[in-house]
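*Asks:* Chains A and B are the protein sequences, given in the same order.
Residue numbering for the first sequence follows our numbering, starting at 101 and increasing by one per position.
Residue numbering for the second sequence follows our numbering, starting at 137 and increasing by one per position.
Glycine is no exception: its CB is placed at the ideal position from the N, C-alpha and C atoms.
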Amino acid sequence: MINENESFIEESTKFNNLVDSNCTKSKVFNFSYQLQDKINYYLIKSFACLVILLLIGLVAMLIYSALPAMEEFGLGFAFGDDWNPVEDEFGALPFLFGTLITSFLALMLATPVSVGVALFINEVLSKKLAAVVSLFVEMIAAIPSIVFGLWGVFYLAPFVKETLTPVLKSSLGFLPFFQGASFGIGILTASLILALMIIPTITSICRIVFKTVPTLQKEAALALGSTRFEMIKIALLRPSFSGIMGAIVLGLGRALGETMAVAMVIGNSPSISASLFSPAATMASVIANEYTEADSDLHLSALCYVGFLLFIVTFTINGLARFIVWNQSKKVGG
Amino acid sequence: MNNIVLSVKDLNVWYNDFQAVKGISIDYPEKSISAIIGPSGCGKSTFLRCLNRIHEEVPGARAEGEILLKGRNILGSKIDPVQVRRSIGMVFQKPNPFPSMSILENVTLGVRLLGVRDKSKLMQVAEQCLRKAALWDEVKDKLSQLGTSLSGGQQQRLCIARALAIDPPVLLMDEPTSALDPIASLKIENLMSDLKKDYTVIVVTHNMQQAARVADYTSFFVLGELIEHGACSDIFTNPKEQKTEDYITGKFG
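1. Grab the span of the alpha helix (DSSP H) containing A/TYR255 for me, first residue to last.
2. What did DSSP end up calling B/TRP150 once you bin it into helix, strand or coil?
3. For B/LYS401 and B/GLU381, I'd like the C-alpha separation in whole angstroms.
4. Starting from A/SER326, find everything on chain B with Cβ-Cβ shorter than 9 Å and list it in chain order.
5. Let me see if you follow: with CB-CB separation under 7 Å, is A/ARG307 close to chain B or not?
6. Check the Cβ-Cβ distances between A/LEU225 and every residue of chain B, and say whether any is below 7 Å.
7. Would a check of beta-carbon distances place A/ALA459 closer than 7 Å to chain B?
8. Can you list, in chain order, the residues of the stretch 321-348 of chain A whose Cβ is nearer than 8 Å to any Cβ on chain B?
9. In chain order, which beta strand (DSSP E) runs of at least 3 residues are fully inside the stretch 267-351 of chain B?
10. Rounded to whole angstroms, what's the CA-CA distance from B/ASP352 to B/ALA367? Just pull it up for me.
11. Which residue's Cα is closest to the Cα of A/ILE344: A/ILE243, A/GLU187, A/ALA210 and A/ILE246?
12. Check whether the Cβ atoms of A/ASP182 and A/GLY174 sit closer than 7 Å, and answer yes or no.
13. So the beta strand (DSSP E) B/PHE357 belongs to, where does it begin and stop?
14. By how many angstroms is the C-alpha of A/PHE377 removed from the C-alpha of A/GLY284?
15. May I ask you to list, following chain order, the residues of the stretch 190-218 of chain B that have a beta carbon less than 7 Å from some beta carbon of chain A?
16. Cβ of B/SER329 within 6 Å of any heavy atom in the ligand SAH?
17. Taking B/ARG298 as the query, report the chain A residues whose CB atoms sit under 9 Å from its CB, ordered along the chain.
18. Tell me which same chain residues have a C-beta within less than 6 Å of the C-beta of A/ALA335, skipping the five on either side of it?
19. Shorter than 7 Å from the beta carbon of B/PRO305 to some beta carbon of chain A?
20. Quick check: the Cα distance between A/ALA388 and A/VAL233, rounded to an integer number of angstroms?
21. How would you write the range of the beta strand (DSSP E) that B/MET226 sits in, first residue to last?
22. Just curious, the alpha helix (DSSP H) that A/LEU155 is in, first and last residue?
23. Using a Cβ-Cβ distance under 7 Å, would A/ILE424 count as near chain B?
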């Protein structure tokens with residue numbers, strides 16, 4: 101063994117001297133270049149496989165922990181509206197409702213703002229200012245969600261209760277969405293926070309989409325005597341439609357999974373109500389809130405089942421977004 | 137000489153500190169084709185882009201001097217560039233139909249921007265312009281297909297039709313055939329000669345033979361300066377300046 105090693109070193113030293121007579125350091129690690137490439141290849145490949153295995157393992161683990169609840173409630177779990185840990189009765193519909201309604205509202209609020217901000221940064225600001233402003237917008241994404249939650253509890257919730265609710269009630273109070281008492285925390289506040297959190301996501305993707313529109317298209321619109329606004333409509337927004345849709349769906353993916361900030365301001369009540377002032381709970385927030393207190397095994401398992409449902413919803417939506425963006429880039433490329 | 141439609145007086149253009157066009161004055165007579173030739177980077181495209189103020193889209197670009205369209209200075213600060221571009225159409229180097237619009241939508245966009253909504257009126261405009269652009273027979277059965285589904289040469293003629301739709305007295309063309317094959321180029325050249333009956337055409341070209349074939353007047357630019365301007369027959373057979381002669385005989389450029 102030792103002999104073999106020595107002879108290997110000797111051989112490689114000879115080779116080394118041939119290649120570079122000054123090289124003294126790498127006597128032992130003197131593989132042929134082909135071997136180096138091969139090792140690197142397998143190293144990188146194993147990392148890549150590891151990531152995929154992790155994902156599979158994670159889902160398998162989730163399903164395994166959710167099995168008792170799956171056996172007990174079956175697919176009806178997703179449509180049951182009764183969540184009562186004391187009686188060991190579990191149905192995830194209130195959380196599905198909470199997640200979807202807050203995310204949907206957040207999108208309604210965030211999309212116009214984000215598209216506007218993206219257009220403003222790309223089309224109005226000079227390059228230097230654009231870099232600064234977009235940095236600020238993207239910084240919003242870097243704020244930890246717990247900080248958003250604190251801000252929501254101490255500032256936004258009182259604002260919603262004392263200022264926004266009276267205004268909405270007096271102007272749109274005839275709609276069922278704006279009836280009932282507001283305690284500050286509830287669907288509306290959670291949606292506002294979510295909107296704020298997904299604006300940077302949608303904005304930066306919209307900016308990328310708008311950047312793919314060639315200057316030539318914009319000039320073509322202007323040369324036909326369009327105003328700047330008409331140019332944006334014709335040459336930017338129209339061809340970017342599916343790209344903007346992709347941005348929205350990615351924002352939606354983020355909103356669906358957001359936990360901490362929402363858990364702090366949504367009120368955590370497993371109920372379904374038409375009023376946006378009423379408290380609710382999302383799939384993510386119920387897991388965060390009840391995980392530590394779950395004393396029965398079925399309760400814990402039901403929470404895992406909720407987690408699995410959440411995974412399915414976000415996975416589907418992300419897949420959809422990728423498909424839309426891919427479709428768009430195919431169109432631009434062709 | 138005919139009436140002067142467009143008169144450029146002492147035009148200077150800067151990109152930040154770099155002066156791209158230096159004190160150029162040219163008159164363009166009505167219903168004629170004028171070509172601008174010159175080596176790359178001589179400011180001919182910049183000059184052309186000032187004529188409908190689309191140069192303003194480049195950050196840092198600034199034009200001084202006068203461009204008189206029927207006696208009105210279109211560079212004046214009170215003039216809306218949107219108004220200017222409705223009187224001076226433009227065709228670009230690369231065909232650029234709007235990718236999300238059908239052939240019909242592309243052609244009628246200019247009139248729709250002016251507020252025309254009536255379907256039959258739009259159809260009428262579309263047919264008229266596509267005929268003028270010698271494209272009608274090729275596309276009349278597929279008006280609802282995407283503009284980008286056409287071949288390069290057809291796309292460029294579609295862009296010409298689109299520019300004609302708002303009936304601008306002046307049509308600018310920035311190297312309209314440089315992205316096309318010789319046969320498609322020839323079609324565009326023939327089209328230009330037809331357009332001369334109704335429009336004043338100003339065309340930038342890299343191709344001297346093209347200028348000689350289609351243009352009535354030719355200007356020769358070098359490094360932002362106008363070296364020579366005159367009737368095509370003079371410029372190409374009997375140039376006054378040595379530089380012009382060198383360029384057209386291929387000694388430099």
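*Replies:* The structure says:
1. It is not in any alpha helix (DSSP H) - A/TYR255 carries neither H nor E in the DSSP assignment.
2. strand
3. As displayed, chain B neither begins before 137 nor continues past 389, which places residue 401 of chain B out of reach and without an answer.
4. VAL218, ARG221, LEU245, GLY246 and LEU249
5. no
6. no
7. As shown, chain A starts at 101 and ends at 434. That puts residue 459 of chain A outside it, with no answer to give.
8. ALA321, LEU322, ALA323, LEU324, GLY325, SER326, THR327, GLU330, ILE334, ALA335, ARG338, PRO339 and PHE341
9. 306-310 and 336-340
10. 6 Å
11. A/ALA210
12. no
13. 353-358
14. 7 Å
15. ILE190, GLU193, PRO195 and VAL218
16. By its list of ligands, the structure shown contains no ligand whatsoever, and the ligand SAH lies outside what it can speak to.
17. ALA320 and LEU324
18. GLN317, LYS318 and ALA321
19. no
20. 34 Å
21. 224-227
22. 133-173
23. no
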